[in-house]
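Read in order, the letters of the sequence shown are residues -28 to -1, 1 to 297 in mature numbering (1 follows the signal peptide of the UniProt record, and there is no 0). A short worksheet on the structure shown next.
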Amino acid sequence: MSLLRNVHTMKWFLELSLVLFLPSLVISLPKGFIAQVVTSTPAVSGIFAPNPRKNGKPMLLLIQKEGKVKVLEDPDESPDSEVIFDLSGYMCTETERGLHSITIHPDFESNLYVYLYYTKFKEGCLTEDLENGPWNVLTRFTMDIQTLTLDYDSREEIWRGASTHDAIHNGGGILFGNDGKLYLTTGDSGTQDNAQDLKTVHGSIIRLNEDGSIPNDNPFLNGFEPYDCVKSEGKVPSNVTADNAVCAEIFAYGLRNPFRVAVDPSEKEKVCFVISDVGARVWEELSYAGTDYSGRNYGYKTFESEMVAAVGRSPQRFLQINFFA
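So this is what it looks like as structure tokens:
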């Protein structure tokens, strides 16, 4: 796990520098922040992994929104990359849809599992359709130990979100916490009320076991009427009327467009990561998430960081503003 820890450290500094310290922006920093250019390298989405055909030497797996997965086998020596997988024929990619994120299993060296989070193709790739839009899915693939390619036939779709209402606010980061659980973020799909609705997986942090099943210690189980919403189109079944019905895979909610996540490398004992939630009006919000924030309501659409975003509306329970930029 030391390799992943180093990767998360690099990703942490890269993402914070890109969000906060872009030289083209004039930013008034909150108290306690400093501005420091860490790198001028263009941003990429990817993760380091041990190379199974080079005795575990780190390789870099990169993704492109349009669906390509590439590998740099010697990222310290050469920028040359090779396409090892192409999902472009299986996705919707208009606007903010596409291949969102990639991660590997903590035991990648033994099982060669690669996880991709993307907008699965649905005929027409409908936009502005509340019921029939495509879904964002989390799919597990197995890497070929000799060629490093991912075989589409090896796929296991382990989780599927709700039908997307629009082609904006679709996704979405994925990571493994040091508790061995998968965390992924979902946008509100362009419908603000989704963020405060525990009966849909939109606008949330989702927590899953490695196979997509629901952990028995997720926060919205005891005292609620929980449903495995992957079995009912990403939302509580329509015939359920209980006020306390929830999607059991939800770990936290109240998010608008949590586009990226990054692990806090300084935390060794519990899960801690930062969400980059794209703002609507004023704030680009960074919020802590993880063990200490289980069941948290991040406030949208009533709040955007400390700013009241929707006058006259009250957020649901569990609200706490904890970190912003």
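Even glycine gets a Cβ: it sits at the ideal position worked out from N, Cα and C.
What does DSSP give as the partner residue(s) for residue i in the beta ladder?
i: Asp58; result: Lys40
i: Trp131; result: Leu110
i: Ile74; result: Leu88
i: Ile247; result: Val233, Ser259
i: Leu156; result: Ile146, Ile178
i: Leu33; result: Ile19, Val43
i: Lys207; result: Thr172
i: Tyr225; result: Ser176, Asn269
i: Leu122; result: Met115
CB-CB under 8 Å to residue i, same chain, minus the five flanking residues each way: which ones, in chain order?
i: Pro51; result: Leu44
i: Leu98; result: Asn104, Gly105, Pro106
i: Asp264; result: Lys242, Cys244
For residue i, which residues of its own chain have a beta-carbon under 7 Å away from its beta-carbon, when the five flanking residues on both sides are left out?
i: Ile56; result: Val41, Lys42, Val43, Leu120, Thr121, Leu122
i: Ile186; result: Leu180, Asp200, Ala220, Glu221
i: Asp183; result: Ile130
i: Thr67; result: Ala139, Ile140
Beta-carbon within less than 6 Å of residue i's beta-carbon, same chain only, minus the 5 sequence neighbours each way: which residues are those?
i: Cys244; result: Asp236, Gly262
i: Cys201; result: Val173, Lys207, Cys219
i: Leu(-4); result: Residue confidence is low: Leu(-4) scores 48 on pLDDT, short of 50, so the model does not pin down where it sits. Its coordinate-derived value is still stated next. Answer for Leu(-4): no residue qualifies.
i: Met(-19); result: Annotation note: pLDDT 46 at Met(-19) (below 50); position unreliable, coordinate value reported separately. So no residue of the chain qualifies.
i: Gly145; result: Ser73, Thr157, Arg232, Val233
i: Asp160; result: His141, Asn166, Ala167, His174, Gly175, Arg228
i: Phe196; result: Asn216, Val218
i: Leu291; result: Residue placement at Leu291 cannot be trusted, given a pLDDT of 49 that sits under 50; the coordinates are not used to answer.
Using only alpha-carbon positions, find the residue among the options that is nearest to residue i.
i: Asp116; options: Leu71, Asn83, Ser135, Ile247; result: Asn83
i: Arg69; options: Ile140, Asp189, Phe231, Pro24; result: Ile140
i: Leu88; options: Ile19, Gly105, Asp46; result: Ile19
i: residue 361; options: Tyr90, Pro106, Ile177; result: The structure shown does not extend to residue 361, since the chain is modelled only from -28 through 297, so no value can be given for it.
i: His77; options: Cys64, Thr111, Leu98, Asp215; result: Thr111
i: Tyr85; options: Glu95, Thr114, Pro106; result: Thr114
i: Gln164; options: Asn194, Tyr225, Arg132, Phe196; result: Tyr225
i: Leu147; options: Asp125, Ile177, Arg228; result: Ile177
i: Phe80; options: Asp215, Ile74, Ala21; result: Ala21
i: Thr75; options: Arg232, Lys203, Glu239, Tyr62; result: Arg232
i: Val250; options: Lys37, Leu98, Asn27, Tyr272; result: Tyr272
i: Leu193; options: Pro230, Asn216, Tyr124; result: Asn216
i: Lys92; options: Asn211, Ser(-1), Glu54, Ala134; result: Ala134
i: Asn27; options: Gln118, Thr65, Tyr62, Lys94; result: Gln118
i: His137; options: Thr213, Asp46, Gly162; result: Gly162
i: Asn23; options: Asn190, Ser60, Asp264, Pro47; result: Pro47
i: Asn108; options: Cys64, Val246, Leu170; result: Cys64
i: Ile247; options: Asp169, Ser238, Tyr155, Lys203; result: Tyr155
i: Glu54; options: Leu32, Ser60, Gly149; result: Leu32
First and last residue of the alpha helix (DSSP H) that includes residue i?
i: Ser82; result: 80 to 83
Name the two residues that bound the continuous beta strand (DSSP E) containing residue i.
i: Phe20; result: 17 to 22
i: Asp116; result: Careful: Asp116 lies outside any beta strand (DSSP E) and carries neither H nor E.
i: Ala220; result: Premise fails: Ala220 is in no beta strand (DSSP E) and is neither H nor E.
i: Ala7; result: Run containing Ala7: none; DSSP gives neither H nor E here.
i: Tyr270; result: From DSSP, Tyr270 is part of no beta strand (DSSP E); its letter is neither H nor E.
i: Pro198; result: 197 to 199
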